[in-house]
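Quick note: the sequence shown uses this note's numbering, first residue -16, plus one each step. Ideal Cβ positions, reconstructed from N, Cα and C, are used throughout, including at glycine. Notes for the one structure printed next.
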Amino acid sequence: MLFLRHPAWLWLKKYDKNKLPPVDDNTQALFDAGHDFEQYAESLFPNGVRLGFNNYDEYLSLPNRTQQALQQGAEVIFQGRFDVDNLTCITDVLFKHPDGSFDLIEIKASTKAKPEHEYDLAFQLLVLEKAGLKIRNVAVMHANKEYVRDGEIDPEGLVGKTDITDKVRSLMSTTLLQVDMAFEVLANRTMPDVSPRYINQLGIPNKSTPWLEEWMEVYKNVKGEYDTYSIYNLAYPSPEQLGELEDLGITSMHEMTEDQALRDKQRVQIQTTKTGQRIIDTEKIKAFLDTFQYPLYFFDYETLSTVVPQFDGYSPYKDYPFQYSLHVIEGPGSEVVHKEYLHNEASDPMPGLLAKLKQYIGSTGTVLTWNMSYEKGCNDRMAELFPEYADFLADLNDRIDDLMTPFAKMWFFDKDFFGSASVKKVMPVLAPELSYKELNVSDGLLARRMWTQTVLEGKNRERRPMIMDDLSRYCTLDTFAMVRILEELRKIVDSKENS
């Protein structure tokens, strides 16, 4: 799969892996969660023989151990390895039928079979058939997103399965071609072109953007840092667009014309970068702010989301709040008051959270969030689980408005937003005295991981007080940033009216 991401990715993995970024803690946490899910999937095959490896020697011996398991009549093999014609693969599950044919099954901690899984399994199928195995079916075992925990985890309910045999078989000729091309790359001791234009050349759906973001970190390790207003900092570029700009010798947004933009955000980004002038539609911003009613509540959740549901009523990968921050302004000129809740026990956090939330949020006033669909979705899920709060949460959702709106709709656009309406891009421009960089916890994924490890899993005991304080400070900054951004928007509107 590395070659399908970018040919140079595979080359670097073999010849210069120090240029590749190490696996970060958040990514490792996802791997660990995947291993937890894998155990439930494997439990559906009680006669399975688990091979795998824990060190390099065991990795080297894995093909022989796999052949021994097959010769001894194993009906199900987990983590077997096959080597043939300089190709190697490790299979999650091989299920043997009475006629000697096998099902090839991949275990993925996702909620469905995805296109990239088809390419992964096509390569495995190629190796297995070269090794002489007859493969009957190819499938992905994944989380069933409709599963609702009720008591102990039910593996049959948690794990779903999707047959993708036909889709995988249709990719075999493409896979053979890609394998030949990969061998050509590895046979050359000169690194392939690292241009991002070569990202996802097969056009695997929904992968160009995340792979491009990952690749640009590798690119910087190879080529060095690029200019702040480089074409590589365009908002949501495509690999093809970057390649066309490179061919024209364009390296900076300052050199671009607006007709070279793929979308409106890029067009406005190019315009504001070249002129250095913000775009501000004060009339639309004023009309938006005039809809707010006191008291004003600035509100943000941090959430738990796992593939294996932690508590009764939970489902895979749905977001359930364990923390909120709430800043309140009762009226014009009133002081800003802060309230918060951070669950500190290894239990379902929502009953305690909802009780405090209802205590602190009154029945009138505008509730401001950033990207309101997220908070509204959390409220809808909690209303289903705790019907005694359904009316309160429905009223809360009716009063929620989105402070991101002026930025998402480009009524306010600064070149240093880089086309993003994220609070982490807007805050440094409008409230530069605030910074996430000063915090030990500086993003939602890290907050989720630290809370899960510290509170639910009982880890980090010596550091627990500091971690809980870090979590509080992070969520508090999310809502205080909104307070400051609203203040700055009002200053802009007022200065326009008074000019």
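Query                                                                                                                                                                                 : Result
If you reduce the DSSP assignment to three classes, tell me which class residue 78 lands in.                                                                                          : strand
Taking just the CA atoms, how far does residue 21 sit from residue 107?                                                                                                               : 18 Å
Tell me whether the segment 76 to 89 and the segment 114 to 125 touch, counting them as touching only if at least three CB pairs, one residue from each stretch, are closer than 8 Å. : yes
For residue -16 and residue 103, what's the separation of their Cα atoms in angstroms?                                                                                                : 6 Å
Answer with buried or exposed for residue 429, where buried requires no fewer than 16 other C-beta atoms within 10 angstroms of its C-beta.                                           : buried
If you run the structure through DSSP and keep just helix, strand and coil, what is residue 122?                                                                                      : strand
Please go through the segment 245 to 316 and give each complete beta strand (DSSP E) segment of 3 or more residues, from N-terminal end onward.                                       : 279 to 287 and 303 to 312
Using alpha carbons as the reference points, say which of 147, 127 and 151 lies closest to residue 140.                                                                               : 127
Mind pulling the beta strand (DSSP E) runs of 3 or more residues that sit fully within the segment 124 to 174?                                                                        : 142 to 146
Give a yes or no on contact between the segment 458 to 470 and the segment 276 to 291, applying the rule of three or more CB pairs nearer than 8 Å.                                   : yes
So if DSSP puts residue 70 in a beta bridge, which residue, or which two residues, is it bridged to?                                                                                  : 67
Looking only at its chain, what residues have a beta carbon closer than 7 Å to the beta carbon of residue 379, apart from the 5 residues adjacent to it on each side?                 : 344, 350 and 362
Work out the CA separation of residue -13 and residue 184 for me, nearest whole Å.                                                                                                    : 7 Å
Count the C-beta pairs between the segment 12 to 20 and the segment 37 to 56 that are closer than 8 Å, then say yes if the count reaches three, no if not.                            : no
Would you report the Cα separation of residue 385 and residue 96, rounded to the nearest angstrom?                                                                                    : 33 Å
So, residue 210 versus residue 178, is the Cβ gap smaller than 8 Å?                                                                                                                   : no
Near residue 175, what residues of its chain come up, given a Cβ to Cβ distance below 7 Å and the 5 sequence neighbours on each side ignored?                                         : -10, -9, -6 and 168
Classify residue 52 as buried or exposed, calling it buried when 16 or more other Cβ atoms lie within 10 Å of its own Cβ.                                                             : buried
Residue 409 by DSSP, collapsed to three states: which one?                                                                                                                            : helix
Express the C-alpha separation of residue 233 and residue 239 in angstroms, rounding to a whole number.                                                                               : 7 Å
If you draw a straight line from the alpha carbon of residue 285 to that of residue 8, how long is it in whole angstroms?                                                             : 18 Å
Specify whether the segment 245 to 256 and the segment 422 to 436 touch according to this definition: at least 3 beta carbon pairs, one from each stretch, less than 8 Å apart.       : no
Using DSSP with H/G/I as helix, E/B as strand and the rest coil, what is residue 213?                                                                                                 : strand
Please name the residue in 476, 142, 416 and 151 whose C-alpha comes closest to that of residue 271.                                                                                  : 476
Where does the unbroken alpha helix (DSSP H) through residue 345 begin, and where does it stop?                                                                                       : Run containing residue 345: none; DSSP gives neither H nor E here.
Can you list the beta strand (DSSP E) stretches of 3 or more residues lying completely in the segment 181 to 237, in chain order?                                                     : none
State buried or exposed for residue 83, treating a residue as buried only when at least 16 other CB atoms are found within 10 Å of its CB.                                            : exposed
My assumption, with CB atoms under 8 Å, is that residue 225 sits in contact with residue 243. Please give the rounded CB distance.                                                    : About 11 Å separates the two Cβ atoms, so there is no contact after all.
Which two residues bound the contiguous beta strand (DSSP E) that contains residue 86?                                                                                                : 85 to 90
Given 8 Å as the limit, is there contact between the segment 391 to 404 and the segment 253 to 268, that is, 3 or more CB pairs closer than that?                                     : yes
What residue from 374, 403, 402 and 355 has the CA that sits closest to residue 383's CA?                                                                                             : 355
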